[in-house]
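Numbering follows the UniProt record's numbering, in which position 184 of the sequence shown is assigned residue number 184; successive positions increment by one, without gaps.
Ideal placement from N, C-alpha and C gives every residue a C-beta, glycine not left out.
This one's a predicted model, so the numbers in the text were calculated from it and none came from an experiment.
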Amino acid sequence: MRGVWIATVLNIDWPSKPGLPTEQQKSEYIRILEKDKAMGINAVFVQVRPSGDAFYPSQYDPWSEYLTGKQGQAPQPYYDPLKFMIEEAHKRGMEFHAWINPYRMVFDVTRSSIAANHVTKMHPEWFVRYGKQLIFNPGLPETIDFLVGVVKDIVHRYDIDGIHLDDYFYPYPTSQHFNDDAAYQKYGHGLSLADWRRSNCDSAIKKVHNAILELKPMVKFGVSPFGIYQNKTQDSGGSDTRGSTNYHDLYADILLWLKEGWIDYVAPQLYWKIGKTGQDFRILLDWWANHTYGRDLYIGQAVYHADERDVSGWSDTKELPNEIQFIRQYPDKVQGSIFFSNKSFNSNPNGFVDSLKNNYYRKPALIPPMLWIDKNPPKAPEIWAINGRLPQIQGALDELSQREIVNKYVLYTGRTIQELGNHPEQIIVGDNRGSVFGFNLNYSNIPAGSKKFYVSVTSVDRENNESSESNIIRFEQRSDGSWQGFVGY
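What follows is the structure, encoded as C-alpha cells:
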C-alpha cells in the first residue's frame, strides 16, 4: 500500500478553493493523480463526506460547501464528483477509498454554511455542541442508523474499493463536558460511562461492517485511528508511550474491532518523530505491528510535518525515508503507508518526493490482497514477443476459461530466470474482455548491461490476487542493438 489522503475539509488538498467551475475542479484532481502516480502512489483516500456534507448527490447529506461555496448547492455545470474521481483513479490503476467523517456534522457553527435540509436542522436533538462543532451523539441509536445509511448509499451506488473512517469518534477531550448525559441515562443499562461510550462506537463499527458485507463483500473497510491505543501505565499490554489514547479518551476500542474482524485494516496516525520522548515512532510502529490480529496494517506518515517549517525537529531530511526503512523491517506485519496529506508533496519537503520517485517507490508495487475477502487468483496470461530496437510484449487471456475479472497485468524482468517475479517492472491497467494487452519495454526495464534477459507477466484481479507467471520469453541483443525474443529458455 502506497496511499495518500486527499482532504477536502477547508479545501486542504482539493479543490483549491470552493466554487470553482466544474472543468477546473476536474483538471485539478487529474493533476493530483498524475503527480501521485509519478511518485509511485497506488491508492487515494479521498474525503467525500468532510462534515455532514457530500461530494456526491446524496439523500442523506447536502452538497458540500467546500465544493461549491454554499452547502446544498450543486456544482455547475452539474457532474458527480465522486463518480468522476473513482473513474480517474481506476484509469491509472489506483484504488479509491471513500473517506468519511462518522460524527462531525458541522465544522464551525460560526462560519460554516448550513443548508435547510442538513440533518442538524432536521434533527437537532441528535447533536452535541462541542466547541464550535456540532457532533452526532454516538449514544443515540438514530445516529448509528444514519451513519450506516450513508455508508450503504455510497457502497451501493459507487464502484469504490473501500470505506475509510478517520480518528474522529468521540471528540478529543478539552475542558468542556461532552453533554451526552440524557442518552447515558436512557441507554446506559448499568455500564460505566466509559464502557457505554466504547460500546456505542463498537456498535457503529460492527453495523457498518455488516452493511458492507451484505451489499458488496469485496469492498474493504478500515479505520485510521489516533496513534496510541493505550499506554503501558494504563494497561500492561499498552505501548511504552505517554499521551491521549483511543481507548480512554476517544472511546475507540480498535483492538476489539481487529479481533472481531469488523475492520479489514488499521492505519494508525504515527505522526511523531523517530526517538520522540513519550511518542517514539519506532515504539509505536513495533506495537501496532504486533497487534493486528491478522488484519492489514498501514502506517500513517506525517509528510505535512516536513512541510511545516515551524515544527520542531522535522527539518531532518532523513526522517521520512528512515521511517520507511523501519516499516520495511516488518515485511510480514506491515503492508505499507498512507501519507497525510497530498498538498504537502507539492513543495517536495526535504526532497522527499525525489526520494520516493528515485528510490523507495522507484519500482511499482501491488497492494497486498486480503485473503479473508478473496483468495482466488486469476488465470495466468500467455505472452509473445514483438522484436525491434526495443522489445515489446503482447499477451492475452483465454477468456472462456477465465472466472476472475482481471484489471491489471504485471511485467517482470530478470537477468536470470530465478530473478523473475522479485520486483514488478511495470503495471498496466487492462481487462480480460477479449482484449489483447501489451507492454513497451524501455531501457529502465532492461537489466543494466544485459545482452540477454528474461520476461514473464502475471494477471491481477480487482482484489489484488496475482496469478502464477505466464510462459517465459528470453530476449537476446543482436549486433545492431535490436532485440530478438525466443519463447521458452
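Residue j beta carbon less than 9 angstroms from that of residue i
i	j	result
residue 500	I383	Outside the displayed span of the chain (1 to 489) sits residue 500, for which this structure offers no information.
V48	M85	yes
L297	A252	no
P364	G40	yes
Q133	F107	yes
N179	V128	yes
D264	W99	no
W5	I338	yes
I386	G93	no
G139	R198	no
E65	P18	yes
A115	G72	yes
Y170	C201	yes
Y56	K83	yes
A204	V148	yes
D249	Y184	no
D316	V223	no
G388	S482	yes
F352	V303	yes
Option nearest residue i by Cα separation, candidates the options
i	options	result
S435	Q394, N442, R403	Q394
P75	A54, E88, W262, P102	A54
V150	G131, F439, P50, Y66	P50
Y29	E87, Q73, S64, E65	E87
G102	F136, Y330, Q426, I427	One point to set straight first is that residue 102 is Pro, not Gly, in the sequence displayed. The residue with the shortest Cα to Cα distance from P102 is F136.
residue 490	Y170, G275, L284	The shown model of the chain, from 1 to 489, leaves out residue 490, and the question about it has no answer.
M370	V223, V9, N464	N464
G275	L320, D354, K232	L320
Q176	L213, G131, G388, F169	G131
D80	F169, Q25, N231, S347	Q25
Y443	F437, Q477, G430	Q477
D354	I212, K318, S479, D374	K318
W126	P173, D181, H156	D181
P217	K186, G261, D235, D480	G261
Rounded Cβ spacing between residue i and residue j (contact assumed at less than 8 angstroms)
i	j	result
Y412	S459	Actually they do not touch by this definition, with Cβ atoms about 12 angstroms apart.
G227	L255	Between L255 and G227 the Cβ distance is about 14 angstroms, and since that is not below 8 angstroms, they are no contact.
N376	R462	That pair is no contact at about 11 angstroms.
L441	L366	In fact, because the Cβ distance is near 19 angstroms, the residues do not count as touching under 8 angstroms.
T292	L258	6 angstroms
D280	W287	About 10 angstroms; that fails the 8 angstroms criterion.
F439	Q484	That pair is no contact at about 17 angstroms.
D307	S347	6 angstroms
G238	N231	5 angstroms
Cβ neighbours of residue i in the same chain (closer than 6 angstroms, five flanking residues each side left out)
i	result
P77	T22
residue 499	This structure does not reach residue 499, given that the chain is present from 1 up to 489, and the question cannot be answered.
D61	G52, D53, A54
N246	P225, F226, Y229, A252, I254
A89	V44, F96
L356	M39, G40
F221	I163, H209, I212, I263, D264
Beta-carbon contacts of residue i that lie in its chain and below 7 angstroms, excluding the five residues immediately before and after
i	result
F453	T413, G414, R415, I446, P447, F475
residue 497	For residue 497 there is no data in the structure shown, the boundaries of the chain being 1 and 489.
H423	K363
Y361	R2, M39, G40
G278	T241, R242, G243
A7	D13, Q47, S341
I327	L285, I299, V334, S337
L397	K379, P381, V406, N432, S459
G188	W196
W63	D53, A54, Q71, G72, Q73, A74
L191	S199
Residues near residue i by beta carbon distance below 8 angstroms, same chain, minus five either side
i	result
D469	The residue you asked about is not Asp; residue 469 is Glu in the sequence shown. The residues are A380, Y412, L420, G421, S456, V457, T458.
Q59	D153
I405	P378, D431, N432, D461, R462
A289	L297, Y330, K333, V334
Y158	Y56, L82, K83, I86, A98
L215	K152, V155, H156
V109	R129, K132, Q133, L134
L193	Y184
Residue-level contact to chain B via CB, residue i, 9 angstroms cutoff
i	result
I383	Protein chain content of the structure displayed is limited to a single chain, and chain B is not contained in it.
Review point. Is there contact between the stretch 158 to 165 and the stretch 116 to 133, where contact requires at least three CB pairs shorter than 8 angstroms?
Key: no
Check your understanding: Quick check: the stretch 341 to 357 against the stretch 7 to 15, are there 3 or more CB pairs under 8 angstroms?
Key -> yes
Practice item. Count the CB pairs spanning the stretch 202 to 215 and the stretch 139 to 153 that are closer than 8 angstroms, and state whether there are at least three. Key: yes
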